[in-house]
Amino acid sequence: MTVTKMVSTLSTSGGLRAAVATARPRGRVGQQCKPSCSSPARLREARLGVGCRASSKGFGLGTGTQKSSKVPPGFKKVADDMGGKSSKAVLLGTLNLILYEFEDQLYCSEANSTAYKYPLIDGEIKRTEDGVVSIETPLDGTTYDLTTGAVLEWCPKNNLLRNFLGGLKEKEKPVPLRVYPVVVGADGIYTKYSSPAA
Numbered sequence: 297m298t299v300t301k302m303v304s305t306l307s308t309s310g311g312l313r314a315a316v317a318t319a320r321p322r323g324r325v326g327q328q329c330k331p332s333c334s335s336p337a338r339l340r341e342a343r344l345g346v347g348c349r350a351s352s353k354g355f356g357l358g359t360g361t362q363k364s365s366k367v368p369p370g371f372k373k374v375a376d377d378m379g380g381k382s383s384k385a386v387l388l389g390t391l392n393l394i395l396y397e398f399e400d401q402l403y404c405s406e407a408n409s410t411a412y413k414y415p416l417i418d419g420e421i422k423r424t425e426d427g428v429v430s431i432e433t434p435l436d437g438t439t440y441d442l443t444t445g446a447v448l449e450w451c452p453k454n455n456l457l458r459n460f461l462g463g464l465k466e467k468e469k470p471v472p473l474r475v476y477p478v479v480v481g482a483d484g485i486y487t488k489y490s491s492p493a494a
C-alpha cells in the first residue's frame, strides 16, 4: 500500500510549487498511514492562508512573521486569515492597519502614508538592492522600510504630479511609518499595537 501526498517545494524562481511524492507507510500492515500534512497544525496554517511558509524570526517591531502556539501577552487578534490576498485592511477601534504578505512573511503597518495620508493597501512591495523589504506609496512615491518603518525615499519628484507633491513637502522632515510585530496564532493573526496619540 502506498500513500500519495502533496509536498510544497521551492522552485528556482523562489515561488512555491506543488510536487507529488509517494511514500510507503511504516508500521504494521493494515495500519492507517497519516501524512504529516494532515496534522492539526498544518490544517490550521492552510486555513489561515499562510500554510507552512511563515518563518520564525523573533519578536520586535517589523520582524515579520512569528509562529506561536501561544500568543504572547499584549497581542491582539486582527484577522482570521489573509483570505488569499497579498494585503488586507483591518479596522480596530480608531486604528487602521494593513497586513501584508510578501515572500512568505507577514508584515503590519498603519494604513496610510505619513506624507499625504494616502492608503497603502495598493502600495508596491519589493525588496531593494540592499535586501530591505519596502513599500511605495502609489500617490507620492514615498518609500518605507516595512520592517522598521524608516523612510527610504521622501516624496520623490519623478513625474509631473509627484514633482508638485514633492515640492509641497520638500521642507518637511520625513515622518516614519508605524509598523507592528505579527504573530500567527492557532486561531488567527495577531499584532501588538497601541492607538495613535490624539
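For reference, each letter of the sequence shown is one residue, going 297 to 494 in our numbering.
We put the CB at the ideal spot given by N, CA and C, even for glycine.
None of these values were measured; they are calculated from a predicted model.
By the three-class DSSP mapping on this structure, what secondary structure does residue i have?
| i | result |
| --- | --- |
| F398 | strand |
| K465 | helix |
| N408 | strand |
| L457 | helix |
| P415 | strand |
| V479 | strand |
| L393 | strand |
| L388 | strand |
| R474 | coil |
| E420 | strand |
| V367 | coil |
Leaving aside the five residues before and after residue i along the sequence, list all residues of the same chain whose C-beta is less than 8 Å from its C-beta, in chain order.
| i | result |
| --- | --- |
| N392 | A385, V386, E406, A407 and N408 |
Pull up the CB-CB distance for residue i and residue j, whole angstroms please, since I reckon it's below 8 Å.
| i | j | result |
| --- | --- | --- |
| I485 | L416 | Incorrect: roughly 17 Å between the Cβ atoms, too far for contact. |
| T410 | V471 | 4 Å |
| Y414 | T390 | That belief does not hold up - the Cβ atoms of Y414 and T390 are roughly 19 Å apart, past 8 Å. |
| V429 | I421 | 7 Å |
CB-CB under 7 Å to residue i, same chain, minus the five flanking residues each way: which ones, in chain order?
| i | result |
| --- | --- |
| P452 | G437, R458 and G462 |
| N454 | G437 |
Within the same chain, show all residues whose beta-carbon is closer than 6 Å to that of residue i, passing over the 5 residues directly before and after it, in chain order.
| i | result |
| --- | --- |
| Y403 | Y396 and L442 |
| S382 | E397 |
| E449 | T439 |
| A446 | P472 |
| K465 | A411 and C451 |
So if DSSP puts residue i in a beta bridge, which residue, or which two residues, is it bridged to?
| i | result |
| --- | --- |
| T439 | E432 and E449 |
| S383 | Y396 |
| G484 | G481 |
Taking only heavy atoms of the ligand NAD into account, decide whether any of them is closer than 7 Å to the Cβ of residue i.
| i | result |
| --- | --- |
| P470 | What this structure holds is no ligand at all, so the ligand NAD is not there to describe. |
**Message:** When you compare the segment 365–380 with the segment 430–446, are there three or more beta-carbon pairs, one atom per stretch, that lie closer than 8 Å?
**Reply:** no
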